[in-house]
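A.B. asks:
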Amino acid sequence: MEYHHASEMNGVVSEYLNMRIESTHNDLCKEKESKEAEESQKRSLIEKSYSTILSELGEDVGREGLLRTPLRAAKAMQFLTKGYKETTQDILNDAIFDENHEEMVIVKDIELFSLCEHHLVPFFGKAHIAYLPNKKVVGLSKLARIVEIYSRRLQVQERLTKQIASAISEALEPAGVAVVIEAVHMCMVMRGVQKMNASTVTSVMLGRFRDDFKTRQEFLALTMRK
Ligand SMILES: [Zn+2]
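Residue numbers for the sequence shown follow full-length UniProt numbering, beginning at 1 and rising by one.
1) Can you give the Cα-Cα distance for Glu117 and Ser203, rounded to whole angstroms?
2) In angstroms, rounded to a whole number, what distance separates the CA positions of Asn18 and Asn26?
3) Relative to ligand 1, is the shortest distance from any of its heavy atoms to the C-beta of Val121 smaller than 7 Å?
4) Would you give the residue range spanned by the alpha helix (DSSP H) that Asp98 belongs to?
5) Put Leu120 into one of helix, strand or coil per three-state DSSP.
6) Could you spell out where the alpha helix (DSSP H) holding residue 228 opens and where it closes?
7) For Met1, collect the residues of the same chain with a Cβ closer than 7 Å to its Cβ; drop the 5 residues on either side in sequence, then sort them by chain order.
8) Ligand 1 and His118: does any heavy atom of the ligand fall closer than 7 Å to the residue's C-beta?
9) With DSSP as the reference, please indicate the residues paired to Ile110 in a beta bridge.
10) Quick check: the Cα distance between Ala73 and Asn100, rounded to an integer number of angstroms?
11) Let me know the secondary structure DSSP gives Thr88 once reduced to three states.
12) Among the candidates Gln78, Val137 and Glu148, whose CA atom is the shortest distance from the CA of Glu111?
13) Can you have a look at Tyr3 and say buried or exposed, based on whether 16 or more other CB atoms are within 10 angstroms of its CB?
14) Ligand 1 heavy atoms versus the CB of Cys29: any closer than 7 Å?
15) Quick one: give me the first and last residue of the beta strand (DSSP E) that Leu206 is part of.
16) Nearest by alpha-carbon distance to Cys187: which of Val177, Ser199, Phe213 and Ala165 is it?
17) Give me the Cα-Cα distance between Leu54 and Pro133, rounded to the nearest whole angstrom.
18) Buried or exposed: Tyr84, going by 16 or more other Cβ atoms within 10 Å of its Cβ?
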């Protein structure tokens, strides 16, 4: 087959491309649909479980205020643990760039909300992150996204702090990473083990932040100042 006119050829090419785009689109739609079906199946199982929990607590699950509570609670729990489905690679893929910047990069007061894995009760507070770039840097908002990915899971504060530091360390291979988290644990506050405004502080220092006292002090002075 010969093409005599460029426009005719373009027509054939674009028709072919449209077919390809359409079939890729269909595949993506099917994948999305099956994922949604799986999610809603899981949600209804969680909903049934919440209904059991409520009636075992002595509640009347048929009373008006509780009618949709199991479903709402199931949705809330799925939202609060959605970090399991996200990876730092997904969000950092196109966000890392080369830069000849060697000064400390600090982002402080990143809000975080998580669930303690021992009691399934919230703990929340702030994360402060710093790193010393070694050619690679990342958009500052992505650091907050990393915090979100790991906080929207069942956690203990120490592990959360470590996971955030390791993720940054692996993605950027910096000369050092420091992560400090200050958080209030409702499981301790509500049981009277801790006062409302007393927070638990955890930190992980890697590379120069661990080995060099002055670097560590500079970071702590800048972040922990009230
Ligand atoms: Zn707890």
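From the three backbone atoms N, C-alpha and C, an ideal C-beta is built for every residue, glycine too.
C.D. replies: From the atom records:
1) 19 Å
2) So the two alpha carbons sit approximately 12 Å from each other.
3) yes
4) Not the alpha helix (DSSP H): Asp98 falls in the beta strand (DSSP E), residues Ile96 to Asp98.
5) coil
6) Since the first residue shown for the chain is 1 and the last is 226, residue 228 is missing from the structure and cannot be characterised.
7) Unreliable positioning characterises Met1 in this predicted model, as indicated by a pLDDT of 45, which lies under 50. The coordinate reading is nonetheless provided below. Hits under 7 Å: none found.
8) yes
9) Ala127
10) 48 Å
11) helix
12) Glu148
13) In this prediction, Tyr3 has a pLDDT of 48, which is less than 50 and means its spatial position is unreliable; what the coordinates show is noted afterwards. Per the 10 Å Cβ criterion, exposed.
14) no
15) Thr200 to Gly207
16) Ser199
17) 51 Å
18) exposed
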